[in-house]
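Student: Residue numbers (our numbering): 74 to 343.
Can you keep this structure in mind? I'll have questions shortly.
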Amino acid sequence: MAERTPIIIKKMKKSHHEEHHGSSWKVAYADFVTAMMAFFLLLWLLAMISPEKRAAMSEYFRNFNLFRDVTTAGSKGMMNKEGLLGDKQNSLVKSTNAMTGRVNSRGEKEIIAERLKKAIDEKLRAYSDQIYVDIVEGGVRIQLVDAEGKEMFALGSAEPTPRAKQILSVIAENIQDLQNKVAIEGHTDAAPFKSSQITNWELSTARASAARRELESKGLDPQRIARVVGFADQELFIKDNPRDPRNRRISVTILTGNQGMVPRSSMRNF
């Protein structure tokens, strides 16, 4: 009789470690999908607000300091139906400026400049050829220049014309909610006075001070005035023609960052 081959049965015992790794990847994958969903939801929310509010939010987080004594207008931590953080009655830009104390980034300078351009375009279109806004290293500067037969001040006088008062009123209206300091400068042309009782130095300073009083009468906080100075004919706008009427002007600068003397730069007309 032929010899029978023995049947061998091998029993494999699965280790406890292997039992728990069969579907662990599913948990990690679920966490990854959840994180991605939250990320894209955040991108969608950011896309729903205006560029101005995004820039203000970015400025707040860039300059946030836990130990700074500020009023955290955004600490309510909820988005209201208007899409703004904090109090419904305050814009994100306003609350951010209140927290930082001043607007100090290039983006914020552009926001102020665009706000002023829009207001002037809507309310002062007839005077747009006499109003210049430029962004300088120290802030945003608005210049009110004379034109032939369209003076901001009567010749030889420090009394603002109705034209100048209207322009200064619109400027005050659009900067009074900021916390930034303001510098005011007066400039004249190079035409000398026949009388020795007054010179272009006195006149330029008197006009700058008159502009200050007009801004304050329209709601600008006097504590925000950083300086009021006159430059006579030493900072000409039209250097090739010292007696050009455009050299007679008032400069109002919203200071940002280092509030020293604001450097001059090329101008941009509306």
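From the three backbone atoms N, C-alpha and C, an ideal C-beta is built for every residue, glycine too.
All figures in this text were calculated on a predicted structure; none of them were measured in a lab.
Need the endpoints of the alpha helix (DSSP H) that Thr107 sits in, please.
Tutor: Start at 1 with the first residue of the sequence shown, and residue 107 comes out as number 34. Run containing Thr107: Ser97 to Met121, per the alpha helix (DSSP H) assignment.
Student: Below 8 Å, can you find three or more Cβ-Cβ pairs linking the segment 292-306 to the segment 238-248?
Tutor: The segment 292-306, when compared against the segment 238-248, does touch it at the 8 Å Cβ threshold.
Student: Which same chain residues end up closer than 7 Å to Ile240 when comparing Cβ atoms and leaving out the 5 residues on each side of it in sequence?
Tutor: As a working note, residue 240 is residue 167 in the sequence shown. Leu197, Tyr200, Ile204 and Leu217, listed in sequence order.
Student: State the Cα-Cα distance for the pair Ala39 and Arg214, rounded to the nearest angstrom.
Tutor: Residue 39 cannot be examined here, being either before or after the span of the chain that is shown, 74 to 343.
Student: Can you say whether Leu328 is buried or exposed, counting buried as having 16 or more other CB atoms within 10 angstroms of its CB?
Tutor: The residue labelled residue 328 in the question sits at position 255 within the sequence shown. When all chains shown are included, Leu328 counts as buried.
Student: As a quick exercise: from Tyr133, Val100, Ile80 and Pro124, pick the residue whose alpha carbon is nearest that of Glu183.
Tutor: As a position in the sequence shown, residue 183 is number 110, starting the count at 1. Per the Cα distances, Pro124.
Student: Quick one: Cα of Phe266 to Cα of Val325, how far?
Tutor: What you label residue 266 is simply residue 193 of the sequence shown in a count that begins at 1. What you label residue 325 is simply residue 252 of the sequence shown in a count that begins at 1. Cα to Cα, Phe266 sits roughly 25 Å from Val325.
Student: For the segment 303-336, list the alpha helix (DSSP H) runs that are entirely contained and at least 4 residues long, ordered along the chain.
Tutor: Correct list: empty.
Student: DSSP three-state call for Leu346: helix, strand or coil?
Tutor: Outside the displayed range of the chain (74 to 343) lies residue 346, so it cannot be described from this structure.
Student: Rounding to the nearest angstrom, what Cα-Cα distance links Ala284 and Val206 in this structure?
Tutor: Residue 284 sits at position 211 when you count from the first residue of the sequence shown. Residue 206 sits at position 133 when you count from the first residue of the sequence shown. Cα to Cα, the separation comes out at about 17 Å.
Student: So, at 8 Å on beta carbons, what are the nonlocal neighbours of Ala279 in its own chain, with the 5 sequence-adjacent residues on each side left out?
Tutor: If you number the sequence shown from 1, residue 279 lands on position 206. So the qualifying residues of the chain are Ala231, Gly259 and Gly303.
Student: By DSSP's criteria, Ala245 is part of a beta bridge. Which residues make up the other side?
Tutor: Within the sequence shown, residue 245 is the residue found at index 172, counting from 1. BP columns for Ala245 are empty, so no partner.
Student: Mapping the DSSP letters down to three states, classify Phe266 as helix, strand or coil.
Tutor: As a first step, residue 266 must be located in the sequence shown, where it is residue number 193. Reduced to three states, the DSSP call for Phe266 is coil.
Student: Measure the CB-CB distance between Thr261 and Arg319 and report whether it falls below 8 Å.
Tutor: Numbered from its first residue, the sequence shown carries residue 261 at position 188. Numbered from its first residue, the sequence shown carries residue 319 at position 246. No; because the gap between Cβ atoms is not below 8 Å, this pair is not in contact.
Student: Taking Lys312 as the reference, give the member of Ala263, Pro79 and Thr107 with the closest Cα.
Tutor: On the sequence shown, position 239 is the one that residue 312 refers to. Comparing Cα positions, the closest option is Ala263.
Student: Where does Arg341 land, buried or exposed, given buried means 16+ other C-beta within 10 angstroms?
Tutor: The residue given as residue 341 occupies position 268 in the sequence shown. Note that Arg341 scores 38 on pLDDT, short of 50, meaning its location in the model is unreliable; the coordinates nonetheless yield the value given after this. Exposed: under 16 other Cβ atoms inside 10 Å.
Student: Count the other CB atoms within 10 Å of the CB of Lys132; is the residue buried (16 or more) or exposed (fewer)?
Tutor: Here residue 132 corresponds to residue number 59 of the sequence shown, with the count starting at 1. Here residue 132 is Glu; the residue named in the question, Lys, does not match the sequence. Buried, by the Cβ-count rule.
Student: Comparing C-alpha positions only, which one of Ala108, Lys223, Phe134 and Ile185 sits nearest to Val255?
Tutor: Your numbering for residue 255 matches position 182 in the sequence shown. Per the Cα distances, Ile185.
Student: Which partner residues does Ala256 have in the DSSP bridge list?
Tutor: Residue numbering aside, residue 256 sits at position 183 when the sequence shown is read from its first letter. Paired residues: Arg300 and Thr326.
Student: Find out if the Cβ-Cβ distance for the pair Ser277, Ala237 is shorter than 8 Å.
Tutor: Position 204 of the sequence shown holds residue 277. Position 164 of the sequence shown holds residue 237. No. Outside cutoff.
Student: Pull up the distance between the alpha-carbon of Phe134 and that of Leu251, whole angstroms please.
Tutor: In the sequence shown, counting from the first residue as 1, residue 134 sits at position 61. In the sequence shown, counting from the first residue as 1, residue 251 sits at position 178. Straight-line Cα distance between these residues: approximately 18 Å.
Student: Is the beta carbon of Gly330 sitting closer than 8 Å to the one on Gly180?
Tutor: Here the question's residue 330 lines up with position 257 in the sequence shown. Here the question's residue 180 lines up with position 107 in the sequence shown. In this structure, Gly180 does not lie closer than 8 Å to Gly330 by Cβ.
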